[in-house]
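Here the structure is laid out as structure tokens; the discussion comes afterwards.
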Amino acid sequence: MSMKTKDEYKKSLRHRLRNQTDYTVRGFTDPEEAARFLKDSPVDVVVSDYRMPRMNGIQLLTGVKQAQPEASRVLLAGHADHECAIAGINEAGLFQYLEKPWDNAQLLLVIRAGVERAQLLRELGEKISALDSAHSTLKDAQRRLLQTFL
-3 MSMKTKDEYK KSLRHRLRNQ TDYTVRGFTD PEEAARFLKD SPVDVVVSDY RMPRMNGIQL
57 LTGVKQAQPE ASRVLLAGHA DHECAIAGIN EAGLFQYLEK PWDNAQLLLV IRAGVERAQL
117 LRELGEKISA LDSAHSTLKD AQRRLLQTFL
């Protein structure tokens, strides 16, 4: 999923993502519409511009962090906006911060790594749940054994 920035970058990036990967790409021009979509639709990666109408990228990505903590969050911002980068890391838990103008090849690598990260986090969560369930089952079995023999 991506928030739109300059037209030439948007079209080029969406075209590359659709034609060179098997990713499903959703683009939004309205950050509030994107936020509504993200509340109900799991995603692996969210790429957002910092400057948007009615909210900034950090606000959007902070909402993503709360709704989908495993989703990788990428912020695109202007040159040397270090305060923005620090706020993004601290508030939104950014996976990556890229300065404009970005290189689409680099962004594609970031997105691929973000997808892999999100998938690994989901798998880890599933394994932790399975281990918790097995641990609970073993504790119950141990309790029953102790009751039987004591």
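Going by my numbering, the letters in the sequence shown line up with residues -3 to 146, in that order.
All residues carry an ideal CB built from backbone N, CA and C; glycine is no exception.
Computed from a prediction, not measured in an experiment: that's the story for all the values here.
Count the other C-beta atoms from every protein chain shown that fall within 10 angstroms of the C-beta of S68, then say buried if there are 16 or more, exposed otherwise.
buried
Using 10 angstroms around the beta-carbon of N15, count the other beta-carbons present and answer buried if the total reaches 16, otherwise exposed.
exposed
Give the C-beta separation of T58 and E87 to the nearest angstrom, bearing in mind that I take them to be a contact with Cβ-Cβ under 8 Å.
5 Å
Could you tell me which of I124, R22, V70 sits nearest to V43, measuring between CA atoms?
V70
May I ask which residues mark the beginning and end of the beta strand (DSSP E) holding A73?
68 to 73
In three-state terms, what does DSSP make of G89?
coil
Buried/exposed call for T1, threshold 16 Cβ in 10 Å
With a pLDDT of 47 at T1, under the threshold of 50, the modelled position of that residue is not reliable, and no figure is offered here.
Between the alpha carbons of K61 and R12, how many angstroms are there, rounded?
26 Å
Taking the alpha-carbon positions, what's the R162 to G89 distance?
In the structure as shown, the chain begins at -3 and stops at 146. Residue 162 is therefore absent and cannot be evaluated.
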